[in-house]
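Colleague: Under the numbering used here, the first residue of the sequence shown carries the number 52, and numbering increases by one thereafter.
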Amino acid sequence: MATGGVRKRVLIVGGGFAGLKAAEALKDADVSITLVDRRNHHTFQPLLYQVALAVLSPNEIAQPIRAILRAPNTQVLMDEVVGFDVAAQRATLKSGVVLEYDYLILATGSTHSYFGRDDWAPLAPGLKTIEDAVEIRRRVLLAFELAEGEMQETGRHPALNFVVIGGGPTGVELAGAISDIAKLYIRRDFKHIDPAKAQVLILEGSPHILGAYPEDLQKKAVEQLAALGVQVRTNTRVTDVKPGYVMVGDERIDAVVTIWAAGVKASPLGELLGVPVDKRGCVIVDGQLHPEGHPEIFVCGDLAAATSEGKPVPGVAQPAMQMGEYAGRTIALEVRGETMKKPFIYADKGDMATIGRSAAVANVKWPFKGHLSGFPAWLTWLVVHIFFLIGFRNRFSVFRNWAYTYAFFEEGSRLIVGDQTLPGWDTQDDPKGDLTTRPISQS
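Below is the structure:
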């Protein structure tokens, strides 16, 4: 029992990778844990794009937090933290409840950044949540449905141009998956249009896609995207997003669907702590993941501006999980009267991004070092992601659906939910009067 016979109170804010790992590390500790999240489920974000492009259903990559955290010392609240009193060690929830804590683990991740142009958000959705994935799926599938209907009615339709803004892993994965859908999985579903003629374009502002990857894997990614028919334009900054098109300087690029994958910013909760943050809003932490002057607070995952062995820790799933586990283990030691002597060290196991059916790149650093591309990288990516899915049921259903999709070229979740309109569909004009042959600009 903790000092004085009263258990220390641990408040975990965020039910993502870091928050769950922290709770798991504390399940046998002599503490009382409260985890607060706005949603009742944990989402396996690396597979969100598979929901967005109709390969998987939302329930296959998400699981109720209560079903994951069943330890006797843990309770879960579906609520939202809206303020902190760090001096009094209290957090205020949206419902009005005030929670006191002895330790705070803040792991609320990141959200989309439109670089000051939040008016672009309704026209170019990003991909962070299940809701985002369902909305992207709606838009992509609806574009083909509207084209089929218009072709049957008028004999023409706007060119099926899909523009992905941002060439990081999410952008590359989305672009490759859209191409796969159009050229492989729905090619026999329509009578009046040819989905295979759809064009996909990645617009990347920097000189390279997958900027964090080695140069040889960047080149392999471009080659594999080209094989799928995906165009890549680097050093290309979008200056405006409008219904049905984007602008690059004075150049207009028509798009039946525009998707945002260009930037992220930290959750606003970091700034509410009143501690130093970087330009993205990430909390600057020391070697033990504490903000300056607050050893009772741990900041983990995307929200932390952390370094390990002199290098910035990337904002992806693996370091978030390791941070959460480190924070939990540190608290477990302290309530036993011991001290965590080692700083947080990120064990980098590598990065991988899938590009399409049997196509991927992988910068493997553990258990061996190597650069993989093509089918070996794709197979490695599949095994790793199934392994880290939470719950046996999820692993089994995901593997079953992937196997079926791979063998029979069938997508299992092509459902359009919500309204049946696309931004800009009715405003795409063609001065030549030939809506079926207006390609994405090649310049």
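Even for Gly, the Cβ is constructed at its ideal location relative to N, Cα and C.
Predicted model only: the values in this text are computed from it and were never measured.
1. I'd like to know if the stretch 341 to 361 and the stretch 321 to 328 are in contact, where contact means that at least 3 CB-CB pairs between them fall below 8 Å.
2. Which ranges does the beta strand (DSSP E) cover as unbroken runs of at least 3 residues, wholly within the stretch 230 to 297, from first to last along the chain?
3. Sort Phe135, His163, Leu178 and Pro427 by Cα distance to Leu99 and report the nearest one.
4. What is the residue span of the beta strand (DSSP E) that Lys316 lies within?
5. Does the contact criterion of 3 or more C-beta pairs under 8 Å hold for the stretch 166 to 178 versus the stretch 68 to 78?
6. For the ligand MG, is there any heavy atom lying closer than 7 Å to the beta carbon of Gln101?
7. Just to confirm my understanding: we take Val308, look at its own chain, exclude 5 residues before and 5 after, and list those with CB closer than 6 Å. What are they?
8. Does the separation of the CB atoms of Pro474 and Pro209 fall below 8 Å?
9. Looking only at its chain, what residues have a beta carbon closer than 8 Å to the beta carbon of Pro109, apart from the 5 residues adjacent to it on each side?
10. Just to confirm, are Tyr154 and Ile382 a CB contact at a threshold of 8 Å?
11. Looking only at its chain, what residues have a beta carbon closer than 7 Å to the beta carbon of Gln493, apart from the 5 residues adjacent to it on each side?
12. Quick check: the Cα distance between Thr159 and Val415, rounded to an integer number of angstroms?
13. Within 10 Å of its beta-carbon, does Gln250 have 16 or more other beta-carbons around it, so buried, or fewer, so exposed?
14. Should Arg465 and Ala105 be called a contact, given that it needs their Cβ atoms to be closer than 8 Å?
15. If you draw a straight line from the C-alpha of Ala226 to the C-alpha of Lys392, how long is it?
16. Who are the near neighbours of Ser424 in its chain, counting only those whose CB is closer than 6 Å to its CB and skipping five residues on each side?
17. For Thr205, does the three-state DSSP call read helix, strand or coil?
18. Quick check: the stretch 275 to 286 against the stretch 123 to 136, are at least 3 beta-carbon pairs closer than 8 Å?
19. According to DSSP, is Ala413 part of a helix, a strand, or is it coil?
20. Between Leu276 and Val223, is the Cβ-Cβ spacing less than 8 Å?
21. Return yes when the Cβ of Phe135 is within less than 8 Å of the Cβ of Ala17, no when it is not.
22. Grab the span of the alpha helix (DSSP H) containing Trp429 for me, first residue to last.
23. Using the rule of at least 16 other Cβ atoms within 10 Å of the residue's Cβ for burial, across every protein chain shown, is Phe166 buried or exposed?
24. Under DSSP, the alpha helix (DSSP H) around Glu322 begins and ends at which residues?
25. To the nearest angstrom, report how far apart Pro220 and Thr405 are at their CA atoms.
26. Ends of the beta strand (DSSP E) at Arg60?
27. Near Ile260, which residues of its chain fall below 7 Å by C-beta distance, leaving aside the five closest residues on each side in sequence?
28. CB-CB under 7 Å to His341, same chain, minus the five flanking residues each way: which ones, in chain order?
29. Inspect the beta-carbon positions of Asp267 and His422 and report whether they are closer than 8 Å.
30. On the premise that Met298 lies in contact with Thr287, defined as a C-beta separation below 8 Å, what is that separation, rounded to the nearest angstrom?
31. Hey, could you find the ends of the alpha helix (DSSP H) Pro370 is sitting in?
32. I'd like to confirm the pairing. Which residues does DSSP put opposite Ala113 in its beta bridges?
33. Going straight from the alpha carbon of Arg141 to that of Ala80, what length do you get?
34. Do Ile310 and Ile116 count as a contact pair if the criterion is CB distance below 8 Å?
35. When the Cα of Ile63 is compared with those of Glu204, Ser230, Gln114 and Glu131, which residue comes out closest?
Modeller: From the atom records:
1. yes
2. 250 to 254, 281 to 284 and 291 to 293
3. Leu178
4. Here the beta strand (DSSP E) through Lys316 covers Val315 to Ala317.
5. no
6. Because no ligand of any kind appears in the structure shown, any question about the ligand MG cannot be addressed here.
7. Arg190, Val191, Ala194 and Phe213
8. For Pro474 and Pro209, no; Cβs fall outside 8 Å.
9. The beta carbon of Pro109 lies closer than 8 Å to those of Val102, Ile181, Ala184 and Val185 in the same chain, with the five residues before and after it left out.
10. Cβ distance < 8 Å, so Tyr154 and Ile382 count as in contact.
11. Low confidence applies to Gln493: its pLDDT is 44, below 50, so where it sits in the model is not reliable, and the reading given next is rough at best. Once the five neighbours on either side are set aside, Gln493 has no close Cβ partner at all.
12. 28 Å
13. buried
14. Ala105 sits close to Arg465, with the two beta carbons spaced by under 8 Å.
15. 45 Å
16. Lys271 and Val412
17. helix
18. no
19. Residue state, collapsed to three classes: strand.
20. yes
21. In the structure as shown, the chain begins at 52 and stops at 494. Residue 17 is therefore absent and cannot be evaluated.
22. Phe426 to Phe439
23. Exposed is the call here.
24. Leu320 to Leu323
25. Taking the straight line from one Cα to the other gives about 8 Å.
26. Lys59 to Val64
27. Gly218, Val223, Ile253, Gln269, Ala272, Val273, Val283 and Thr285
28. Ile348 and Phe349
29. yes
30. No, Thr287 and Met298 are not in contact; Cβ-Cβ is about 11 Å, not under 8 Å.
31. From DSSP, the alpha helix (DSSP H) with Pro370 extends over Ala368 to Val386.
32. Paired residue(s): Thr94.
33. 22 Å
34. no
35. Glu131
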